[in-house]
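Visitor:
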Amino acid sequence: MKITGFRSETYSMKMNREVADANLPSGVEIMPASILFLETDENITGISLGYGGGVEHLFHLIEGEDPRDVVGLWIKINDYLHKAGNEGAATLVFSAIDMALWDLKAKIAGEPLWRTLGAREGRVRAYASGLDYSLSDEDLFRFYRHMAERGVTAGKLKVGLDIEADMRRIGIMQDALSVAAAKPGLMIDSNEYWSPKQAVRYISMIEERYDLIWAEEPARRWDYDGLRLVSSQVRTAVATAENLKSLSDVYPLIANEAADVLNLSSNHSGVTGCRQIANMAYAHNIPVSMMNCQANFMAQVAAALPGHTMMEVVDPGREHCLKYDNHLEDGYIHLSEAPGFGIEVDETILKDLQQNPPKGKGAFPFPRREGAGRYLVPPAPGETPWSS
Amino acid sequence: MKLTSCKITPVNTRISRIRLLSDAGAEGSWVIDHDLHTMAESLFSAALAGQDPRATASLWRNMLDHAGDNLQARICAAALDVALWDLKSVSGNEPLWRKIGGARKPANIHFSIGGCKAGSGEEDRRLHEALSASGFREGRLDSPLDADDLALRIERLASALAQDAQPPALYVNAREQGALKDTIAAIRTLEQRFDITGIEAPFPMWDASGVRRISENIRAAVFNDLSAYGRERLLPLFRAHSLNIVQLSIFRDGVSGVLELADAAFGYELPVIIAAAPGNIGAHFAGALPYFMSLEIAELPEAQTLPSEIAISDGWALPGDAPGLGVNWPQPSI
Ligand SMILES: [Mg+2]
Chain H
36 MKITGFRSET YSMKMNREVA DANLPSGVEI MPASILFLET DENITGISLG
86 YGGGVEHLFH LIEGEDPRDV VGLWIKINDY LHKAGNEGAA TLVFSAIDMA
136 LWDLKAKIAG EPLWRTLGAR EGRVRAYASG LDYSLSDEDL FRFYRHMAER
186 GVTAGKLKVG LDIEADMRRI GIMQDALSVA AAKPGLMIDS NEYWSPKQAV
236 RYISMIEERY DLIWAEEPAR RWDYDGLRLV SSQVRTAVAT AENLKSLSDV
286 YPLIANEAAD VLNLSSNHSG VTGCRQIANM AYAHNIPVSM MNCQANFMAQ
336 VAAALPGHTM MEVVDPGREH CLKYDNHLED GYIHLSEAPG FGIEVDETIL
386 KDLQQNPPKG KGAFPFPRRE GAGRYLVPPA PGETPWSS
Chain W
223 MKLTSCKITP VNTRISRIRL LSDAGAEGSW VIDHDLHTMA ESLFSAALAG
273 QDPRATASLW RNMLDHAGDN LQARICAAAL DVALWDLKSV SGNEPLWRKI
323 GGARKPANIH FSIGGCKAGS GEEDRRLHEA LSASGFREGR LDSPLDADDL
373 ALRIERLASA LAQDAQPPAL YVNAREQGAL KDTIAAIRTL EQRFDITGIE
423 APFPMWDASG VRRISENIRA AVFNDLSAYG RERLLPLFRA HSLNIVQLSI
473 FRDGVSGVLE LADAAFGYEL PVIIAAAPGN IGAHFAGALP YFMSLEIAEL
523 PEAQTLPSEI AISDGWALPG DAPGLGVNWP QPSI
């Protein structure tokens, strides 16, 4: 089996609702996406989802190679990126290639990726995450109640700009989830808007009313001193790492005992990179949690990782041209026996999205908001449905 | 696919073959000490029977939960894990190196002469064989640091290897129980004469800060012996930055644990040495571990307990294309 070619498709889509955080509280509804198809000489195609244009810059490293040697190819690509660095766009392409190779490896074995990776069952506990800064209080309640009705017992709220509103909305999330659990799991995510000391103040205030599982990115992604400071001063666990790129980025956080939970993503240098981080975290007793993604495809990986707790489910409607075979029920993402990631692409819908790009509110990637790390700039009247 | 039974049959007077059988016909094998038969069988019944053998990651943790702190149970879990990976690879008709995602890559190797006395016929013979047979460029010997014949033995090992490489890589397994400052002094004295690549266990592994102090005071890299295995015993050494190389063994961590811990070591950019195993099957790891350094070879190719498809030449070990571990199992002895 040899890799013979690739096809990279980019498109944009309009989600069913806006997603937002403290850095862009007004939210976006248009999302860019890309799909990588890796072709082989045996008519099996590997598919991965990501934001990767520029595959041609790395493709020569895998052309003619056997996709089953994916970890060896990961090492080859990582070594190739040595001088320029495994960063930015290079990481996205690296990740997309590695994921498509794993999709191929599992498809060649005729099994779902969770089985290739050694999991006993294709089942991952889920938590609800609204990316909900621009949802009205009513829509916020509706989102978490909908998730609770599918058995989800924990939720993560976007916070950061208005501590009174944050408190109120944590209460709304808790109420909505309370039909699924007597004591719903509560988490917050301030997306690096706070300084470490702001985080200590605000998290401490929230802790007076709510018991939090974790506070996400309460300091900058690389700031192991700041993250460690927050963790040492609050009861809540500090979660971070979603914006890092690889195990080598995560290393300082682990070595300096700065993170209590590590958020893993498909952009952590692929399945291989993700598993490396999880394995190192596991050796250090640090739980890991997979980030949200289209069609929840990374649940395939989460199912097999040691120390994985629960995976973020956002479900804003990003699957327009994707056919997938997993569902959320009883609080778990249930994966099927479909080979690989279990994702297929509807080419007709993809073409249509490319030819008729949808219009709407769109500003990916999120910029950093005024005041971040220094002072709060609450949402202006009209900036969110709930600010006045 | 489900695991149906575990059959254990003698290979020689010391070790037996574990065979894991599945309802799909595929089977996987590895070895275990005679003494551990019963324990391996009961661990199989408790943790593996009826399970899908492809669920290696889940089953590894399941077995460790059963093994707890019991070292013998741990060794059984590791042996069963290796057999599971053999089964998983064989059922996919792939060699282990490919099943774990690695490329087919020659493994850098070193020859371990163990603790033979200097000048003994045995050591002379082994050194000569190592030299002539396979082109070893790296060697390891076992010795207390205060042994009178240590310098002589290192010299002989170095000269045995020197024909193939300049300078040869030398590892000393110190198994040291001496006082910290005496140990540092002894290693420094050796280092005035020899360029030593690594010292194994220069201090008890349970003293993470002591091991770090040794490392900080000598030139050679410090690595763990097999008393430090698994995350439970390696974590204190990682946290204290005690080690400069991590040694992993399939006899403690199986294939699953070696893969996991090699990633943890990679986070620290610590090179990995794979301890010796029959058939030299550790060569399968060379293309899949991100920071693989050297595989220990304890048996010469022509005198192997378990002949395998792994070919040794010019100081490198290259795994073949046979499915699974590539072990050529001898006919069962009667
Ligand atoms: Mg986040």
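Respectively, the protein sequence lines represent chains H and W. The opening residue of the first sequence carries number 36 in my numbering; numbering runs sequentially from there. The opening residue of the second sequence carries number 223 in my numbering; numbering runs sequentially from there. For glycine and all other residues, C-beta sits at the position ideal for the given N, C-alpha and C.
(1) Going by DSSP, what residues sit across from W/Val538 in a beta bridge?
(2) If you draw a straight line from the alpha carbon of W/Ser530 to that of W/Gly501, how long is it in whole angstroms?
(3) Mind checking whether the beta-carbon of H/Asn226 lies closer than 7 Å to any heavy atom of ligand 2?
(4) When you compare the CB positions of H/Ala57 and H/Asn226, do they come within less than 8 Å of one another, or not?
(5) Can you give me, in chain order, the residues of the stretch 154-174 of chain H that have a beta carbon less than 7 Å from any beta carbon in chain W?
(6) Going by other Cβ atoms of all chains shown within 10 Å of its Cβ, with 16 needed for buried, is H/Ala189 buried or exposed?
(7) DSSP state of W/Ala408, grouped into three classes?
(8) Taking H/Gln335 as the query, report the chain W residues whose CB atoms sit under 7 Å from its CB, ordered along the chain.
(9) Could you give the DSSP three-state label for W/Ala430: helix, strand or coil?
(10) Relative to the alpha-carbon of W/Ala359, which residue among W/Ala271, W/Leu517, W/Ser431, W/Gly336 has its alpha-carbon at the smallest distance?
(11) Is there at least one non-hydrogen atom of ligand 1 closer than 7 Å to the beta-carbon of H/Asn298?
(12) In this structure, what does DSSP give as the bridge partners for H/Val348?
(13) Mind checking H/Gln390: buried by the 16 CB within 10 Å criterion, or exposed?
(14) Does the stretch 373-380 of chain W come into contact with the stretch 316-325 of chain W, if we say contact requires no fewer than three beta-carbon pairs (one atom in each stretch) closer than 8 Å?
(15) Return the residues of the stretch 321-332 of chain W that lie within a Cβ-Cβ distance of less than 9 Å from chain H, sorted by chain order.
(16) At the 8 Å Cβ level, is H/Met36 part of the contact set with chain W, yes or no?
(17) Would W/Leu293 be called buried (16 or more neighbouring beta carbons within 10 Å of its own) or exposed?
(18) Which residues in the same chain as H/Asp365 place their Cβ atom closer than 8 Å to its Cβ, once the five residues preceding and following it in sequence are excluded?
(19) Are the stretch 232-243 of chain W and the stretch 259-279 of chain W touching, with three or more C-beta to C-beta distances below 8 Å?
(20) CA-CA distance, W/Cys433 and W/Asn446?
(21) Looking only at its chain, what residues have a beta carbon closer than 7 Å to the beta carbon of H/Ser300, apart from the 5 residues adjacent to it on each side?
(22) For W/Tyr451, decide whether its Cβ has a neighbour in chain H, counting only Cβ atoms nearer than 8 Å.
(23) Closer than 8 Å, CB to CB, is H/Pro420 near chain W or not?
(24) If we define contact as Cβ-Cβ less than 8 Å, is H/Asp104 a contact residue for chain W?
(25) What does the alpha-carbon distance come out to for the pair W/Met223 and H/Asp246?
(26) Suppose the cutoff is 6 Å on Cβ atoms and the five residues either side in sequence are ignored; what does the same chain contact list for W/Pro426 look like?
(27) Would you kindly work out how many angstroms separate the C-alpha atoms of W/Ser437 and W/Leu465, rounded to a whole number?
(28) Leaving aside the five residues before and after H/Gly308 along the sequence, list all residues of the same chain whose C-beta is less than 6 Å from its C-beta, in chain order.
(29) Please report the distance separating the alpha-carbon of H/Phe399 from that of H/Leu192.
(30) Expressed to the nearest angstrom, what Euclidean distance is found between the alpha-carbon atoms of W/Pro458 and H/Ser267?
(31) What in chain H is Cβ-close to W/Leu302, meaning under 9 Å?
(32) Going by other Cβ atoms of all chains shown within 10 Å of its Cβ, with 16 needed for buried, is H/Lys358 buried or exposed?
(33) Since H/Gln311 meets chain W, which of its residues come closer than 8 Å, beta carbon to beta carbon?
(34) Is H/Glu64 near ligand 1 - that is, is its Cβ less than 7 Å away from at least one heavy atom of it?
(35) Do H/Asp224 and H/Val26 count as a contact pair if the criterion is CB distance below 8 Å?
(36) In chain W, what lies closer than 8 Å to H/Lys140 by C-beta?
Guide: Judging by the given coordinates:
(1) Translated into the one-based positions of the second sequence, residue 538 of chain W becomes position 316. Just to set this straight, residue 538 of chain W is Trp in the shown sequence, not Val. W/Trp538 pairs with W/Asn330, W/Ser535.
(2) In the second sequence, residue 530 of chain W corresponds to position 308, counting from 1. In the second sequence, residue 501 of chain W corresponds to position 279, counting from 1. Roughly 5 Å between the two C-alpha positions.
(3) As presented, the structure is devoid of ligand 2, carrying ligand 1 as its sole ligands.
(4) As a first step, residue 57 of chain H must be located in the first sequence, where it is residue number 22. As a first step, residue 226 of chain H must be located in the first sequence, where it is residue number 191. Yes.
(5) Ala154, Arg155
(6) For the purposes of this step, residue 189 of chain H is taken as residue 154 along the first sequence, with counting starting at 1. With 16 or more Cβ atoms within 10 Å of its Cβ, H/Ala189 is classed as buried.
(7) Stepping through the second sequence from its first residue, residue 408 of chain W is reached at position 186. Reduced to three states, the DSSP call for W/Ala408 is helix.
(8) Within the first sequence, numbered from 1, the residue matching residue 335 of chain H stands at position 300. Within 7 Å Cβ-Cβ: nothing; H/Gln335 doesn't reach chain W, min ~13 Å.
(9) Counted from its first residue, the second sequence places residue 430 of chain W at position 208. Three-state result, W/Ala430: helix.
(10) On the second sequence, position 137 is the one that residue 359 of chain W refers to. What sits at residue 359 of chain W in the sequence shown is Arg, not Ala. Selected option, being the one with the closest Cα: W/Leu517.
(11) To locate residue 298 of chain H, count along the first sequence from 1; it is residue 263. It does: the Cβ of H/Asn298 is within 7 Å (strictly closer) of some heavy atom of ligand 1.
(12) For this step, residue 348 of chain H is matched to residue 313 along the first sequence. Paired residues: H/Ala163.
(13) Here residue 390 of chain H corresponds to residue number 355 of the first sequence, with the count starting at 1. With fewer than 16 Cβ atoms within 10 Å of its Cβ, H/Gln390 is classed as exposed.
(14) no
(15) Lys321, Ile322, Gly323, Gly324, Ala325, Arg326, Lys327
(16) Translated into positions along the first sequence, residue 36 of chain H becomes position 1. By this cut-off, H/Met36 is not an interface position.
(17) Against the second sequence, residue 293 of chain W aligns to sequence position 71. Its Cβ having fewer than 16 others within 10 Å, W/Leu293 is exposed.
(18) The count along the first sequence starts at 1 and reaches residue 365 of chain H at position 330. If we look at H/Asp365 and ignore the five residues flanking it on each side, its Cβ neighbours are Arg185, Gly186.
(19) yes
(20) The count along the second sequence starts at 1 and reaches residue 433 of chain W at position 211. The count along the second sequence starts at 1 and reaches residue 446 of chain W at position 224. The question names Cys, but residue 433 of chain W in the sequence shown is Val. Taking the straight line from one Cα to the other gives about 9 Å.
(21) Residue numbering aside, residue 300 of chain H sits at position 265 when the first sequence is read from its first letter. Taken in chain order, the residues that qualify are Glu277, Met326.
(22) Here residue 451 of chain W refers to the residue found at position 229 of the second sequence. Cβ-Cβ to chain H under 8 Å: no for W/Tyr451.
(23) Walking along the first sequence from the start, residue 420 of chain H turns up at place 385. Cβ-Cβ to chain W under 8 Å: no for H/Pro420.
(24) Position 69 of the first sequence holds residue 104 of chain H. Judged by the 8 Å Cβ criterion, H/Asp104 is in contact with chain W.
(25) Along the second sequence, read from residue 1 onward, the residue named residue 223 of chain W stands at position 1. Along the first sequence, read from residue 1 onward, the residue named residue 246 of chain H stands at position 211. If I take the Cα positions, the gap works out to 44 Å.
(26) The sequence position of residue 426 of chain W within the second sequence is 204, counting from 1. Closer than 6 Å at Cβ, skipping near neighbours: no residue.
(27) Here residue 437 of chain W refers to the residue found at position 215 when the second sequence is read from its first residue. Here residue 465 of chain W refers to the residue found at position 243 when the second sequence is read from its first residue. In a straight line, the C-alpha of W/Ser437 is about 7 Å away from that of W/Leu465.
(28) Position 273 of the first sequence, counted from the start, is the residue given in the question as residue 308 of chain H. Excluding positions up to five away in sequence, the list reads Ser281.
(29) Walking along the first sequence from the start, residue 399 of chain H turns up at place 364. Walking along the first sequence from the start, residue 192 of chain H turns up at place 157. Each residue's alpha carbon lies about 20 Å from the other.
(30) One-based indexing of the second sequence puts residue 458 of chain W at position 236. One-based indexing of the first sequence puts residue 267 of chain H at position 232. Looking at the two C-alpha atoms, the distance is approximately 21 Å.
(31) The residue labelled residue 302 of chain W in the question sits at position 80 within the second sequence. Within chain H, no residue comes near W/Leu302; the closest Cβ sits about 14 Å away, beyond 9 Å.
(32) Translated into the one-based positions of the first sequence, residue 358 of chain H becomes position 323. That one is exposed.
(33) As a working mapping, residue 311 of chain H is identified with position 276 in the first sequence. Result: Asp485, Phe488, Gly489, Pro512.
(34) On the first sequence, position 29 is the one that residue 64 of chain H refers to. It does not: the Cβ of H/Glu64 is nowhere closer than 7 Å to a heavy atom of ligand 1.
(35) It is not possible to answer for residue 26 of chain H, since the shown part of chain H is limited to 36 through 423.
(36) Sequence index remark: in the first sequence, residue 140 of chain H carries index 105 (1-based). Correct list: Gly323.
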